[in-house]
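All remarks here apply to the structure that follows.
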């Protein structure tokens, strides 16, 4: 295996700079080069800054990218810049050189000529092309460069889309493929799919066909863009952007370019007639309706706002190419899908109903599935590669063959034939073998897929870095469980408390199960506890419905008792005899954040959007979150350092909680003070639970024990005065309501000692008591009641 410590990115356009940003997110320094601006004057050409004007502007664009390309804005400092004319020697010490210039063969060849002159020995060279054959690009390269050359197709935006397609060239050395695959998975957090050197590789080949079929069927059935996206989005386990919104994001001009290339490069494709753009789509592009980049494509966002304050988005009429307000789709299948409990139930009701939506969706799926099945072994060797490509490349929850299994292979095959579709060879082989699913559980509970080459089931390769709770529970039932939480034995002496309530919200039953898990560790039955799950979100926080009824009935004792129990469960985790490791990911809000903070260590998914957001519903944290933020803030300015002023650090904690700041990444959670430098940010979410287990095991083996209870010092009235002045400045400036200020005052009191003199000693329990006192006081206000009710009714915060 080769070592990759520094990379070069050649091209700083949308894709090039996004790739550089993701390397920076993962701690990998890079040099990013681009052309010298062509319109410089003779004087400007002598100016180094002017010659780097384009690449520097594109680097700065990363700081404003939406969604954010960087985990932290400071990561951009890992990107060094230069230009092709002056700075190609900078690639000499780079271990991996990624070409990401425009999709033009002559331009790419010119760039590779420069690479050949300046690359270091054994450096890996790759292209991010999405359409030019790798063999064509490799032609003419010297033997060493050709041996180190391959295709590395990142999907945009590379931070968020997991797929990395690796396409070997004619002479690529196996060690090069192995190195990039391992680095992609372990460092960049990618899901790697090995693709053949065929047009559009894997994911885009399927995407192009599916989109083309949808466009034709949409016009034939008279559906609107909003109809199509309502049918082809989350209701069937696909991304929220569905089909046409995704096309708008890609860019309709880019889409047409890829489509035209696919048509030219696939003369033997049995469905080549579909790879031709409809005239109305060409007219859209000619008219400049290119999608998100031009402000209008299938959809157009206006400056007008609806009653909720959201931008009004119009959709296009394909006959007139004019825009009009969207009509909310009213399909029976989508209504039924909303009532379905599982994704499999949703998939079935969406594809097998009798309404127009289901009929449309069935014909789209049947044709796309048949097409995808016929691409084996043309574009990839097996169905798992195709399923992984579309899931990771387009953020789908379920692949094409997994969907086929959900619907039932015999059912789909019978209906395909009834519709006049010929069964693809892999479906015929599967049925001839007496099988009825593309995937199955093997004799050792390992997942298997049906392989066309051998006409038998083969094991899906096990990844030693991945641990799936579903697999663990198949092998051994949970030790204990209730409707919202299970205690699962992960092996090696490590127990896992797995949440599985709706949105993994917290409540008494979940707390009780976590407490039992801590008890089992304290009793010596297990060495440590992982607080983790593999649901969509770690936890959306405490279930507000548990509070609103008590608020309406003014049962303050019940609220106090619930908060106290929550605090004590968190404290039990903090002082557990064995290590507790939390594994927050995606939404980690409010009480979910407080639970994660009380673990001895955290393995934080890079894509974690979390915070103590209670102020949005008129409350403040009351599960130990204020105490933990204060404890961490005071640790930044230890009392042993003469003259160290803790106020700036406590002020930061105050701002973070009061403003309900939500991180845009796991790294930002650390920067905001929710976690510490000893905690781990995990880029590959599939690895998170295994890393949490391994960390927990390692802490146990190393003799980890409960920490010493913290003794904190009250900042007292001087600090309270500063925070009070801050609140009033926000109010006078119109940025905070009277109730916002009240919430802030309660929070400030808990952070500064609740009226205690400066320097007075505080125990952790003292701060917990102040949390509950402030929380209960806010529960008794009408405006907090209104905020909670509004959130429960609308899912959105109320500013009153």
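Numbering (our numbering), first residue to last: 128 to 927.
The C-beta atom is built at its ideal place from N, Cα and C for all residues, glycine as well.
Straight-line spacing of the CA atoms in residue 800 and residue 756 works out to 7 angstroms. According to the DSSP assignment, residue 758 belongs to no beta strand (DSSP E) but to the alpha helix (DSSP H) extending over 752–763.
A check of alpha carbon separations from residue 731 across 808, 630 and 658 identifies 808 as the nearest.
If you ignore the 5 residues before and after residue 316, its C-beta comes within less than 6 angstroms of the C-beta of 810 and 811, all in its own chain and listed in chain order. Residue pairing by DSSP puts residue 280 in a beta bridge opposite 292.
Counting the other Cβ atoms within 10 Å of the Cβ of residue 190 gives fewer than 16, which makes it exposed. When C-alpha distances from residue 185 are compared across 520, 139 and 716, the shortest belongs to 139. Between the region 815–823 and the region 725–739, the count of C-beta pairs closer than 8 angstroms reaches three or more; the two stretches touch. An exposed status is given to residue 775, since fewer than 16 other beta-carbon atoms sit within 10 Å of its beta-carbon.
Counting only runs of at least 3 residues, the region 853–925 fully encloses the following beta strand (DSSP E) elements, listed from N- to C-terminal order: 888–890.
Contact between residue 375 and residue 424 holds: their C-beta atoms lie close to 4 angstroms from each other, under 8 angstroms. When Cβ pairs closer than 8 angstroms are counted between the two stretches, the region 447–463 is seen not to touch the region 511–527, the count staying below three. DSSP places residue 372 in the helix class (H, G or I) of the three-state scheme.
Nearest to residue 911 by C-alpha distance, out of 675, 172 and 584, is 675. With respect to residue 493, residue 542 sits close: the two C-beta atoms are nearer than 8 angstroms. For the pair residue 591 and residue 599, the Cα-to-Cα distance works out to about 14 angstroms.
Apart from the 5 residues on each side of it in sequence, residue 367 sits with its Cβ closer than 8 angstroms to the Cβ of 360 and 361 in its chain, given in chain order.
Straight through space, the alpha carbons of residue 693 and residue 860 are spaced by roughly 37 angstroms.
Take the alpha-carbon of residue 796 and the one of residue 653: they are about 30 angstroms apart. Distances from the alpha-carbon of residue 816 to those of 913, 524, 784 and 707 put 707 closest. When the alpha-carbon of residue 778 is set against those of 857, 751, 838 and 879, the nearest one is in 879.
In the structure shown, the three-state DSSP call for residue 210 is strand. DSSP, read as helix, strand or coil, puts residue 426 in strand.
The region 529–539 makes contact with the region 555–566; the number of CB pairs closer than 8 angstroms reaches 3 or more. Going by beta carbons, residue 383 and residue 355 fall outside the 8 angstroms limit. By the C-beta criterion, the region 835–847 is judged not to be in contact with the region 856–870, since fewer than 3 inter-stretch pairs fall below 8 angstroms.
Rounded to whole angstroms, the separation of the alpha carbons of residue 137 and residue 227 is 6 angstroms. The beta-carbon distance between residue 617 and residue 657, rounded to whole angstroms, is 7 angstroms. This is short enough to meet the 8 angstroms contact definition. Apart from the 5 residues on each side of it in sequence, residue 285 sits with its Cβ closer than 6 angstroms to the Cβ of 145, 146 and 149 in its chain, given in chain order.
Sorting 352, 436 and 183 by C-alpha distance to the C-alpha of residue 452 places 352 at the top. Residue nearest to residue 643 within the set 232, 327 and 699 is 699 (criterion: CA-CA distance). With respect to residue 874, residue 839 sits apart: the two C-beta atoms are not nearer than 8 angstroms.
When DSSP states are grouped into helix, strand and coil, residue 515 belongs to the helix group.
Here the alpha carbon of residue 426 sits roughly 47 angstroms from the alpha carbon of residue 247.
Under the three-state reduction of DSSP output, residue 623 falls in the strand class.
Annotated three-state conformation of residue 528 is helix, per DSSP.
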